[in-house]
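Each number in this note's numbering corresponds to the 1-based position in the sequence shown with 659 added.
Where is the CB? At the ideal position from N, CA and C, for every residue including glycine.
This report refers to the structure that appears directly beneath it.
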Amino acid sequence: MNGLQCPHQGLSWRWKQRGFPVTTIKMETSTLTKQGQRFLTKLTTSSAATDNLIRRFVQGSPKSVVLTTLSHLLSPSTSYPQLSSLALPLYGRASQAPWFTWNSTTVAELAAHLHKLGHQAQSEALVSEAISKLQSRKRELVVFYGKLAEAYSKRKSETGFDVAYSYLNNLLRTSESVHVKRRAYEYMVSGLCSMDRPREAEDLVIGPAAGLGLKPSGFELKSIVYGYGRVGLFEDMRRVVEEMEKRGFVVDTVCCNMVVSAYGVHGEHVEMVTWLRRMRDSGVPFSVRTYNSVSNCCPEVLRMVGGLSELALSMEELNEGLEGGEGMVVRELMGCSGILEEVMVWEALEVKLDLHGFHVGGAYLVVLVWLEEMWRRLNGLNCGVPAEVTVVCGLGNHSSVRGESKVRVLVQKMMVKMGSPLKVDRKNNGCFIAKGKAVQNWLCEMRKAPLKKELEENPAKLKQYVLKKLENTPSDVRALVEKTEVDGFLSSPLRYRHPWDLMLGNISKGNVFVGGDAFHPMTPPDLGQGGCCALEDGIIMARCLAEAFFQRTRKRYQRERRRGALWKA
């Protein structure tokens, strides 16, 4: 191996030199454990020797914690970029641990990371060692080369990628194994697309030397669709989609999501709507990624879920607040509730909504769709009331900050603002749980709330509402209402309370108790009932106070008289 020199100089062609725009994709960091986060924080603040801290961390931590921390340091978007140079000593110390097993993905990531930092010799040494180890195992070798190409493409390292690509190209041309040739082919195509060189990838798949005898699969064609979409070459992207259909490949949810996401990144909302309609009309189901792709390109939705102070709490309210292309896209997406077939389970004992995998914007939109569907099933279709309703948010998987789930914070804020009975589960704080009947009653109240508010604010509409309800009553009753002035109409809500609440509920706290007009049944005849209850409660309270005072006074008299008698004696 000649360092990181590219054996095939013709592969050093640069897509950027042709003047095409390049879209930057933000990579997600690996989620740190609490132990890993404490270790990295200590490295930045402690004056102790770095090597000693690393040694103690590896010796005192489980395998998963060490590898997760190493993966976080190797990520291009690590939250500790100042410590990225410590990835190699951490790997070296971990490789000496008894639980360590050699992993091609980790070595590839580390080699690309060192190359990015300018440590060429160390990077070359790692790659050379890996090639020597895997030389006789071609299936594992092709995976290593593929992972190496992926690692370089993440970091946009042209020279490193070209070297890894040349190794894959050599295996494709020389290997006798169909499996090895197929894997090399896949890695080459996907790598070129990730490096924003889809034209080369298309030549490799559809061109004169397509596949060197290998028949392209849907994976390669979808990769090219993704590659053209990344750089905004939409005509070429559509042309490849048409080529897929001509070759008999199904344009499925994955392919449609790539197209929708590409249009979204470049702000092409009208085209997004067109493809969402195509998905709906052709029966292609929306997925979690569909919701994530749409929400991530909607600035107003991201602003609402980012601040949490101006959240629309219904589909109708959200649609009224969104304008232009953003509103069109969101309405088209939320007009179909098919996503619930993937994320909701409806059973007699439990209805469960699972929000794992959703970005915070996508979770917000799907919760609104879910609430609409819940009301329809519980109050319109009479699907039966489940015993329990659960919303699963997870904890810590949607945030780079350990222990904080942005989706969970969002759902909690929504539930509180809507007065929902769904509360954090005591057994699992990543879930919200409530009784099915309570959710049904709450959704009914939610539906009535806008009308109730309108009637309270507009006495004229309140009068018309009362007259409409009295259509089948005698004419003299209606005439009495019609002659009443508008100012005479007031709206006072009645609240239902179960009878057993009176027997089992708490009606006192400290030295304060509920009585009189605040504590009597609303049953006819109720004229003056509150006042009568106040008189009755006053007599009961006076009797109770008298008994309490008498007992205290008698005991105090006995105590003081005995003390005086003893003193005089």
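Own chain partners of R936 with C-beta closer than 8 Å, once the 5 adjacent residues on each side are dropped: For this step, residue 936 is matched to residue 277 along the sequence shown. Same-chain partners within the cutoff: E991.
In the DSSP assignment, find the beta strand (DSSP E) that holds D710 and state where it starts and stops. On the sequence shown, residue 710 is found 51 positions in, with the first residue counted as 1. Bounds of any beta strand (DSSP E) do not take in D710; it lies within the alpha helix (DSSP H) bounded by 709-719.
Taking contact to mean 3 or more Cβ pairs, one atom from each stretch, closer than 8 Å, check whether the segment 736-752 and the segment 692-711 are in contact. The way I'd put it, the segment 736-752 does touch the segment 692-711; three or more beta-carbon pairs between them come closer than 8 Å.
Can you pull the DSSP bridge partners for S1012? Indexing the sequence shown from 1 puts residue 1012 at position 353. Here residue 1012 is Leu; the residue named in the question, Ser, does not match the sequence. Paired residue(s): M1003, V1050.
Can at least three beta-carbon pairs, one atom from the segment 969-982 and one from the segment 1000-1014, be found at a separation below 8 Å? These segments do not touch.
Taking C995 as part of the beta strand (DSSP E), name the residues at either end of that continuous run. In the sequence shown, counting from the first residue as 1, residue 995 sits at position 336. First-last for C995: undefined, no H or E at that position.
Could you tell me which whole alpha helix (DSSP H) segments of length 4 or greater appear in the segment 852-927? The qualifying runs are 857-865, 877-889, 893-905, 912-924.
Please name the residue, chosen from D821, R1218, L1102, that lies closest to L1037 on a Cα-to-Cα basis. Position 378 of the sequence shown, counting from 1, holds the residue named residue 1037. The shortest Cα separation from L1037 among D821, R1218, L1102 belongs to L1102.
I1166 (DSSP reduced to helix, strand or coil): Against the sequence shown, residue 1166 aligns to sequence position 507. In the structure shown, I1166 sits in coil (DSSP, three-state: anything other than H, G, I, E or B).
Since I believe T737 is in contact with G695 (beta carbons under 8 Å), could you give me their beta-carbon distance rounded to a whole number of angstroms? By one-based count along the sequence shown, residue 695 stands at place 36. By one-based count along the sequence shown, residue 737 stands at place 78. Not confirmed; about 12 Å, so no contact.
Assign H731 to buried or exposed, taking buried as 16 or more other Cβ atoms, counted over all protein chains shown, within 10 Å of its Cβ. One-based indexing of the sequence shown puts residue 731 at position 72. Burial call: buried.
Check this for me: beta carbons of Y1229 and V964, under 8 Å apart or not? Outside the displayed span of the chain (660 to 1228) sits residue 1229, for which this structure offers no information.
Three-way DSSP call (helix, strand, coil) for R1218 in this model: For the purposes of this step, residue 1218 is taken as residue 559 along the sequence shown, with counting starting at 1. It is helical.
Let me know the secondary structure DSSP gives C1203 once reduced to three states. The count along the sequence shown starts at 1 and reaches residue 1203 at position 544. Judged by DSSP in its simplified three-state form, C1203 adopts helix.
Out of curiosity, what's the CA-to-CA distance linking P1045 and Y950? Mapped onto the sequence shown, residue 1045 falls at position 386. Mapped onto the sequence shown, residue 950 falls at position 291. Roughly 27 Å separates the two Cα atoms.
By a C-beta neighbour count over all protein chains shown, 10 Å radius and 16 as the cutoff for buried, is M938 buried or exposed? Within the sequence shown, residue 938 is the residue found at index 279, counting from 1. When all chains shown are included, M938 counts as buried.
Cβ pair V1028, L981 closer than 8 Å: Locating residue 1028 in the sequence shown gives position 369, counting from the first residue. Locating residue 981 in the sequence shown gives position 322, counting from the first residue. No, the pair does not count as a contact, with Cβ atoms beyond the cut-off.
Give me, in chain order, the residues of the same chain whose beta-carbon lies closer than 8 Å to that of V776; leave out the 5 immediate sequence neighbours on both sides. Here the question's residue 776 lines up with position 117 in the sequence shown. Val is not the amino acid found at residue 776; the sequence shown has Leu there. The answer, listed in chain order, is S743, S744.
Counted within 10 angstroms of its Cβ, other Cβ atoms place Q1123 as buried (16 or more) or exposed: If you number the sequence shown from 1, residue 1123 lands on position 464. When all chains shown are included, Q1123 counts as exposed.
Whole-angstrom Cβ separation of R948 and N916, contact assumed at under 8 Å? In the sequence shown, residue 948 corresponds to position 289, counting from 1. In the sequence shown, residue 916 corresponds to position 257, counting from 1. Separation of the CB atoms of R948 and N916 is rounded to 5 Å, and the pair is thereby assigned contact status at 8 Å.
Excluding the 5 residues flanking S720 on each side, which residues of the same chain have their C-beta closer than 7 Å to its C-beta? Your numbering for residue 720 matches position 61 in the sequence shown. Scanning its chain for C-beta atoms nearer than 7 Å, with the 5 sequence neighbours on each side dropped, one finds around S720 the residues Q694, in chain order.
May I have the straight-line CA-CA distance separating S825 from T818, to the nearest angstrom? Residue 825 sits at position 166 when you count from the first residue of the sequence shown. Residue 818 sits at position 159 when you count from the first residue of the sequence shown. Looking at the backbone, the Cα of S825 and that of T818 are separated by about 11 Å.
Can you give me the start and stop residues for the alpha helix (DSSP H) that A789 sits inside? The residue you call residue 789 lines up with position 130 of the sequence shown. First-last of the alpha helix (DSSP H) with A789: 779-793.
Measuring only the C-alpha atoms, how far is A1007 from G1043? Working through the sequence shown from its first residue, we reach residue 1007 at position 348. Working through the sequence shown from its first residue, we reach residue 1043 at position 384. Between the alpha carbons of A1007 and G1043 lies a distance of about 7 Å.
Report yes or no: do three or more beta-carbon pairs, one from the segment 798-814 and one from the segment 842-850, lie closer than 8 Å? Taking a cut-off of 8 Å on C-beta distances, the segment 798-814 touches the segment 842-850, as three or more cross pairs fall below it.
Collapsed DSSP secondary structure at K1082 in the structure displayed: Translated into the one-based positions of the sequence shown, residue 1082 becomes position 423. For K1082, the three-state secondary structure derived from DSSP is strand.
Beta-carbon separation (whole angstroms), A1262 vs G1174, contact threshold 8 Å: Examination of residue 1262 is not possible in this model, given that the chain is present from 660 through 1228 alone.
CB A1093 to CB K1082, shorter than 8 Å? If you number the sequence shown from 1, residue 1093 lands on position 434. If you number the sequence shown from 1, residue 1082 lands on position 423. Their beta carbons are under 8 Å apart, which means A1093 touches K1082 by this criterion.
Buried or exposed for M1200, going by 16 or more other Cβ atoms inside 10 Å? Working through the sequence shown from its first residue, we reach residue 1200 at position 541. Exposed: under 16 other Cβ atoms inside 10 Å.
Nearest-angstrom beta carbon gap, G923 and V953 [assumed within contact, 8 Å]: The count along the sequence shown starts at 1 and reaches residue 953 at position 294. The count along the sequence shown starts at 1 and reaches residue 923 at position 264. Indeed they touch by this definition, with Cβ atoms about 7 Å apart.
Cα-Cα, which of F716, L733, V1004, N829 is closest to A810? The residue labelled residue 810 in the question sits at position 151 within the sequence shown. Comparing Cα-Cα distances from A810 to each of F716, L733, V1004, N829, the minimum goes to L733.
Report, in whole angstroms, the separation of the C-beta atoms of M903 and G877, which I expect to be a contact under 8 Å. Within the sequence shown, numbered from 1, the residue matching residue 903 stands at position 244. Within the sequence shown, numbered from 1, the residue matching residue 877 stands at position 218. Confirmed, about 7 Å.
Exposure label - E1195; buried when at least 16 CB within 10 Å: Residue numbering aside, residue 1195 sits at position 536 when the sequence shown is read from its first letter. Here E1195 is exposed, its C-beta having fewer than 16 other C-beta atoms within 10 Å.
May I have the straight-line CA-CA distance separating V1026 from V1070, to the nearest angstrom? Here the question's residue 1026 lines up with position 367 in the sequence shown. Here the question's residue 1070 lines up with position 411 in the sequence shown. Roughly 8 Å separates the two Cα atoms.
For E835, collect the residues of the same chain with a Cβ closer than 8 Å to its Cβ; drop the 5 residues on either side in sequence, then sort them by chain order. Within the sequence shown, the letter at position 176 stands for residue 835. Within the same chain, no Cβ atom closer than 8 Å to the Cβ of E835 is found once the five residues on either side in sequence are excluded.
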